[in-house]
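J.: Sharing a structure, written as structure tokens. Questions coming.
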Amino acid sequence: MYDFREWRHVFKLDPNKDLDDDALEAICESGTDAVIVGGSDGVTLDNTLNLLARIRRFSVPCVLEISNAESITPGFDFYFIPTVLNSRDAKWVIGVHHETLKEYGDFIDWDEVAVEGYCILNGDSKAGKLTQASADIEENDVIAYARMAQHFFSLPIFYVEYSGMYGDPKLVEQVSKELSSTRLFYGGGIETIDQAEEMGTYADTIVVGNSIYTNLSEALKTVHAVKK
1 MYDFREWRHV
11 FKLDPNKDLD
21 DDALEAICES
31 GTDAVIVGGS
41 DGVTLDNTLN
51 LLARIRRFSV
61 PCVLEISNAE
71 SITPGFDFYF
81 IPTVLNSRDA
91 KWVIGVHHET
101 LKEYGDFIDW
111 DEVAVEGYCI
121 LNGDSKAGKL
131 TQASADIEEN
141 DVIAYARMAQ
151 HFFSLPIFYV
161 EYSGMYGDPK
171 LVEQVSKELS
181 STRLFYGGGI
191 ETIDQAEEMG
201 TYADTIVVGN
211 SIYTNLSEAL
221 KTVHAVKK
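Here UniProt numbering is used: position 57 in the sequence shown is 57, and no number is missing along the way.
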């Protein structure tokens, strides 16, 4: 069994976006600790299964970040379940989770499941709009959410998500000082070695996603920027 608490770098692949076989091979053989499959829209069972089958040609650990119940399928090493702590709509905090457990709760292997406490800080992103995230908040608000994640809910992951834009390293640094048992994930706008190194100084795990589709060669360099 893999241990996501040891991961320093992961790539996030969107099953609703095109990625050719050469690019996928480069990603899976890059030395990254894992590949997360997930997206905000257009995620179906068919495109999830297709991407899973292609990734399974390689030995890299593979995680499904669940965005809807319809795309859940066996075959992944882990299942990450996001709860958006700063959503204005309870649907994205506990609502869809409750409905999913009513449907699939009897079949879940809880050893393969981890809940991510998301704090989405880009209100203009697809994820921010979809979940109605209160993204225009102060540093002490984010710290409060981090404390909730660790001390109230004992979540294994607190995920600071800027979703397509590069975030504030000073904020991520302050959040990192609050967490000990909960792992800090950072995602958003990492396109260069310098950005990966900067955020990797504070976050336990950095997530690289969009740059895979815009500048793959630079995205691949982020692996060794944090895994030295």
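We treat Cβ as the ideally placed atom computed from N, Cα and C, and that holds for glycine.
Nothing here was measured: the structure is a model prediction, and the numbers come from that model.
#1: Quick check on DSSP: helix, strand or coil for G188?
#2: Tell me the DSSP secondary structure of P82 in three-state form.
#3: Quick check on this structure: which residue in G38, S163, V84, E161 has the alpha carbon closest to the alpha carbon of T131?
#4: Which word fits V113, buried or exposed, when buried means at least 16 other C-beta atoms lie within 10 angstroms of its C-beta?
#5: Under the three-state reduction of DSSP, which class applies to Y213: helix, strand or coil?
#6: Starting from the N-terminal side, write out each stretch of the beta strand (DSSP E) that is 3 residues or longer and does not extend beyond the segment 151–180.
#7: Taking Cβ positions, are P74 and A34 nearer each other than 8 Å?
#8: I'd like to confirm the pairing. Which residues does DSSP put opposite E138 in its beta bridges?
#9: What's the C-alpha gap between E29 and G164?
#10: Under a Cβ-count criterion, where at least 16 other Cβ atoms within 10 Å of its own Cβ denotes burial, should E65 be classed as buried or exposed?
#11: Does the beta-carbon of M199 have 16 or more other beta-carbons within 10 angstroms, so that it is buried, or is it exposed?
#12: Let me know the secondary structure DSSP gives A219 once reduced to three states.
#13: Starting from the Cα of F11, find the closest Cα among S181, Q174, G38 and give me that residue.
#14: Terminal residues of the continuous alpha helix (DSSP H) containing I55?
#15: Do you know whose CA, among S67, I120, H98, V43, lies nearest D18's CA?
#16: Cutting at 8 Å between CB atoms, please list the residues of its own chain near R8, excluding the five before and the five after it.
#17: DSSP three-state call for T73: helix, strand or coil?
#18: Just list the alpha helix (DSSP H) runs in the segment 95–132, keeping only unbroken ones of 4 residues or longer that don't cross its boundaries, in chain order.
#19: Taking 8 Å as the cut-off, does the segment 46–54 touch the segment 78–93 (at least 3 CB pairs, one atom from each stretch)?
#20: Which term fits F152, buried or exposed, when burial requires 16 or more other beta carbons within 10 angstroms of its beta carbon?
T.: From the atom records:
#1: Three-state result, G188: coil.
#2: Here P82 sits in strand by DSSP.
#3: For T131, the nearest C-alpha among the options comes from V84.
#4: The residue in question, V113, is exposed, as its Cβ has fewer than 16 Cβ neighbours within 10 Å.
#5: DSSP places Y213 in the helix class (H, G or I) of the three-state scheme.
#6: Listed in chain order, they are 157–161.
#7: No, these two residues do not count as a Cβ contact at 8 Å.
#8: Residue pairing by DSSP places E138 opposite no residue, since no beta bridge is assigned to it.
#9: When the Cα atoms are used, E29 and G164 turn out to be separated by approximately 24 Å.
#10: By the Cβ-count criterion, E65 is buried, with 16 or more other Cβ atoms from all chains shown falling within 10 Å of its own Cβ.
#11: Looking at its Cβ environment, which holds 16 or more other Cβ atoms inside 10 Å, M199 is buried.
#12: In the structure shown, A219 sits in a helix (DSSP, three-state: H, G or I).
#13: Selected option, being the one with the closest Cα: G38.
#14: I55 -> alpha helix (DSSP H) spans 45–55.
#15: Per the Cα distances, V43.
#16: For R8, where only same-chain residues beyond five positions count, the Cβ hits under 8 Å are D33, G200, D204, T205, I206, V226, K227.
#17: The answer is coil: DSSP assigns T73 none of H, G, I, E or B.
#18: As far as the segment 95–132 is concerned, its whole alpha helix (DSSP H) runs of at least 4 residues are 95–104, 126–131.
#19: The segment 78–93 is not in contact with the segment 46–54.
#20: Burial call: exposed.
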